[in-house]
Each structure stands twice: as C-alpha cells, then as structure tokens.
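Peer 1: The structure that follows is given in the form of structure tokens.
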Amino acid sequence: MYQVNDSVMYGTHGVCEVTAVGRLSMSVADRKKKYYTLRPVYQKDSLVYVPVDNVKLPMRLVLTGKEAEELVEEIPQLETIWIGNEKERESQYKEAVRSGDCRELVRIIKTIYLHKKERLDEGKKVAAVDERYFHQAEELLYEELAYALDMEVDQVGDYIASKIHE
Numbered sequence: 003m004y005q006v007n008d009s010v011m012y013g014t015h016g017v018c019e020v021t022a023v024g025r026l027s028m029s030v031a032d033r034k035k036k037y038y039t040l041r042p043v044y045q046k047d048s049l050v051y052v053p054v055d056n057v058k059l060p061m062r063l064v065l066t067g068k069e070a071e072e073l074v075e076e077i078p079q080l081e082t083i084w085i086g087n088e089k090e091r092e093s094q095y096k097e098a099v100r101s102g103d104c105r106e107l108v109r110i111i112k113t114i115y116l117h118k119k120e121r122l123d124e125g126k127k128v129a130a131v132d133e134r135y136f137h138q139a140e141e142l143l144y145e146e147l148a149y150a151l152d153m154e155v156d157q158v159g160d161y162i163a164s165k166i167h168e
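In the numbering used here, the protein residues as written are 3 to 168.
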C-alpha cells in the first residue's frame, strides 16, 4: 500500500504524488472502499481518485535517480521492437504504454525515433499510429525521468537522443 507523499506512476496520468489515502465522501465513490488521492506532478490543478484495490491500471513507485540513470545507460543495448504489420505494432505499443514499463517505453521511443529518421531520410512520413504512440511514450517516460533525475522535462529528449547514438 502506498503512503501519503509517495511518488507514483499511474496510467497515463504520469508522475503523481499521493496526497491522501482513505474513504471519499463523494456521491460517486463507493463509501466502503479506500481510495488514493493522487495529484499529477505536471498537472497541479488535477486530482485523481484511485481505489486502493485497483487492478485495472498499474500503479508503481517512480524510479529512483539511480534506477533512472541505469535505464538511460541501457538505452544503446535495448532492442527495437519494429513490427511490419501496423495493427500488430499498434497492439504492441498500446500494451507497452498501458503497462507503464519504462524499458518498454524506451523501446517504443527508440524504435520509432530510428524508423522516423530512416523515413525522413527517404523523404517519407511516418504512420500516424507511430507518431501517436511515440508522443504518449515520450510524455510518460520523460516526465518520470525528469522527476527522478531532477531535470526539466524538455531536457530529457536531447539527453535520451544522445544515449541512443552512443
């Protein structure tokens, strides 16, 4: 069970701080259940209420600085996950984003980044599905790495790109 002040990753809400744990008095909430009250770090005006017994969307602690550094150092060795069939590729991307697994997010970003570079060199565009999942994975991963490494979100892209080319 998470505690107040824990920093967690929750679904597509990204990095969140647990601000409360307990029953909610809202009419739409099950008064018998306990809920986490989460405040997305990069959307300060939002609150998210999640049942403590939630199993639909994974929630986990944010990477530590050391874990984030180790992940970034792994980037050159992580394999890409290109799948020729667009529907199968989208399914793979969707599952990776839903899982919130950092390594899978890195693999999506690395795969699409390299594919996009290749397509642009040929004077071609990338598929809309690739662009969409690239941005979703990028947003989730960059927020977490920025938080863990104490840097600005807009600095993370260049930081990762430099590691892909090592």
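Idealized CB from N, CA, C, for every residue including glycine.
Between the Cα of E92 and those of L147, Y144, Q138, spot the shortest distance and give me the residue it belongs to.
Peer 2: Within the sequence shown, residue 92 is the residue found at index 90, counting from 1. E92 has its Cα closest to that of Q138, out of L147, Y144, Q138.
Peer 1: Pair every Cβ in the region 124-135 with every Cβ in the region 42-57, then say whether three or more of these pairs are closer than 8 Å.
Peer 2: At 8 Å Cβ cutoff, the stretches do not touch.
Peer 1: Beta-carbon within less than 6 Å of L147's beta-carbon, same chain only, minus the 5 sequence neighbours each way: which residues are those?
Peer 2: Stepping through the sequence shown from its first residue, residue 147 is reached at position 145. Contacts found: A70, V158.
Peer 1: Alpha carbon to alpha carbon, what distance is there between I114 and E124?
Peer 2: As a first step, residue 124 must be located in the sequence shown, where it is residue number 122. As a first step, residue 114 must be located in the sequence shown, where it is residue number 112. Rounded to the nearest angstrom, the two C-alpha atoms are 15 Å apart.
Peer 1: I need the straight-line Cα distance from R62 to M153, nearest angstrom please.
Peer 2: Within the sequence shown, numbered from 1, the residue matching residue 62 stands at position 60. Within the sequence shown, numbered from 1, the residue matching residue 153 stands at position 151. Roughly 21 Å separates the two Cα atoms.
Peer 1: Quick check on P42: does DSSP put it in helix, strand or coil?
Peer 2: The residue you call residue 42 lines up with position 40 of the sequence shown. Of the three classes helix, strand and coil, the one that applies to P42 here is strand, per DSSP.
Peer 1: With R62 as the anchor, note down where its alpha helix (DSSP H) starts and where it stops.
Peer 2: For the purposes of this step, residue 62 is taken as the residue at position 60 of the sequence shown. R62 -> not in any alpha helix (DSSP H); beta strand (DSSP E) instead, spanning 61-63.
Peer 1: Given a cut-off of 8 Å on the beta-carbon distance, is the pair G86 and M11 in contact?
Peer 2: Residue numbering aside, residue 86 sits at position 84 when the sequence shown is read from its first letter. Residue numbering aside, residue 11 sits at position 9 when the sequence shown is read from its first letter. In this structure, M11 does not lie closer than 8 Å to G86 by Cβ.
Peer 1: Quick one: what's got a C-beta closer than 8 Å to S27's C-beta in the same chain, skipping five residues either side?
Peer 2: For the purposes of this step, residue 27 is identified with residue 25 of the sequence shown, where counting begins at 1. R33.
Peer 1: Using a Cβ-Cβ cut-off of 7 Å (strictly less than) and excluding sequence neighbours within five positions of A22, which residues of its own chain qualify?
Peer 2: Residue 22 sits at position 20 when you count from the first residue of the sequence shown. Answer for A22: V6, T39, listed in chain order.
Peer 1: Enumerate in chain order the residues of its own chain whose CB-to-CB distance from T82 is below 7 Å, with the five nearest sequence positions on each side excluded.
Peer 2: The count along the sequence shown starts at 1 and reaches residue 82 at position 80. Excluding residues within five positions, the ones whose Cβ falls inside 7 Å are R109, K112, T113, L116.
Peer 1: Ends of the alpha helix (DSSP H) at E106?
Peer 2: Taking the first residue of the sequence shown as 1, we reach residue 106 at position 104. Segment 104-123, the alpha helix (DSSP H) holding E106.
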